[in-house]
Amino acid sequence: MSAHESMEQADQAKEASSENRKIALLIAVIALCLALSETLGKGAQTEVISRNVEASNFWAFFQAKSIRRNVVQTAAEQAKLSLGTAGDEATRAALQKQIDEWQKTAARYRSEPQTGEGQEQLSERAKHAEEERDLAEAKYHHYELASAAFQIGIVLASATIITGIIALAWISGLLALAGIAFTALGLFMPHLLHLP
Numbered sequence: 098m099s100a101h102e103s104m105e106q107a108d109q110a111k112e113a114s115s116e117n118r119k120i121a122l123l124i125a126v127i128a129l130c131l132a133l134s135e136t137l138g139k140g141a142q143t144e145v146i147s148r149n150v151e152a153s154n155f156w157a158f159f160q161a162k163s164i165r166r167n168v169v170q171t172a173a174e175q176a177k178l179s180l181g182t183a184g185d186e187a188t189r190a191a192l193q194k195q196i197d198e199w200q201k202t203a204a205r206y207r208s209e210p211q212t213g214e215g216q217e218q219l220s221e222r223a224k225h226a227e228e229e230r231d232l233a234e235a236k237y238h239h240y241e242l243a244s245a246a247f248q249i250g251i252v253l254a255s256a257t258i259i260t261g262i263i264a265l266a267w268i269s270g271l272l273a274l275a276g277i278a279f280t281a282l283g284l285f286m287p288h289l290l291h292l293p
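Just so you know, we're using this note's numbering here: the sequence shown kicks off at 98 and counts up by one.
Have a look at this one:
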């Protein structure tokens, strides 16, 4: 082998090494983006579960208030029927007082703004928790798509080192950009795209 051929091979090896370093850097950047999207995805997934439990708890409390309200209303209606057959005036007055108390209790079960535990308030709180859950779920789907794009990008960039096909690195870069776009959508506009 001549000195000229030897120099050419050294230059080619140096150029290949430089290209491999660029691909390795691309892989590292995509891996960093993958770690970020996975972390955001896990956080969103936890938020979905948490908000779902919160909404379920509010709806269960709402149902309990509804049952209590129905029981109190039924007792008041039953007492109203007994009011006409009550013997003396003192008994009727005591029965009317109890009916009034039951009706106040039923109204309080329906709406209790000071504590936020009336049916109306519980319903609003449950709906708010459901909205928060749906928002977190929309974010989660975007982060999952971003993670998939980053993972495929890493595989293609790695294949570039083995095969030397530079087009794979370009596709990898495009997938990384798509992953970044999905991550940004998840962060800032999760309802822009409807994802299942």
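For every residue, glycine included, the Cβ atom is placed at its ideal position computed from N, Cα and C.
Just so you know, these numbers come straight off a predicted model, no measurement behind them.
Does the region 145–155 touch the region 238–246, meaning 3 or more C-beta pairs lie closer than 8 angstroms?
-> no
Would you say Phe247 and Leu137 are within 8 angstroms of each other, going by their C-beta atoms?
-> no
If you draw a straight line from the C-alpha of Val84 to the C-alpha of Glu227, how long is it?
-> This structure cannot speak to residue 84, because the chain is shown only from 98 to 293.
Should Ile259 go down as buried or exposed, given a rule of 16 or more other Cβ atoms within 10 Å for buried?
-> exposed
Counting Cβ pairs, one atom from each stretch, are 3 or more of them under 8 angstroms apart for the region 249–268 and the region 122–130?
-> yes
Cβ separation of Gly213 and Ala243, assumed to be a contact under 8 angstroms, to the nearest whole Å = Actually they are not in contact, since the Cβ atoms of Gly213 and Ala243 sit about 37 angstroms apart, beyond 8 angstroms.
Hey, how far is the Cα of Leu265 from the Cα of Thr257?
-> 6 angstroms
What three-state label does DSSP hand Gln72 in the structure shown?
-> Outside the displayed range of the chain (98 to 293) lies residue 72, so it cannot be described from this structure.
Starting from the C-beta of Ala223, find all residues in its chain whose C-beta is less than 6 angstroms away, skip the five residues before and the five after it, and write them out in chain order.
-> Ala152, Phe155 and Trp156
Take the Cβ of Gln218 as the centre, count every other Cβ of all protein chains shown within 10 Å, and call the residue buried at 16 or more, exposed below.
-> buried
Determine contact between the region 156–168 and the region 188–197, defined as no fewer than three beta-carbon pairs at a distance below 8 angstroms.
-> no
Residue of Ile120, Thr280 and Trp267 minimising C-alpha distance to Lys139 = Thr280
So which of Ser255, Ala245, Ala190 and Ile263 has the shortest CA-CA distance to Ala278?
-> Ala245
Nonlocal neighbours in the same chain, by C-beta distance under 8 angstroms from Ala141, ignoring five residues either side = Ala233, Glu234, Lys236, Tyr237, Tyr240 and Gly283
Taking Gly276 as part of the alpha helix (DSSP H), name the residues at either end of that continuous run.
-> Ile263 to Phe285
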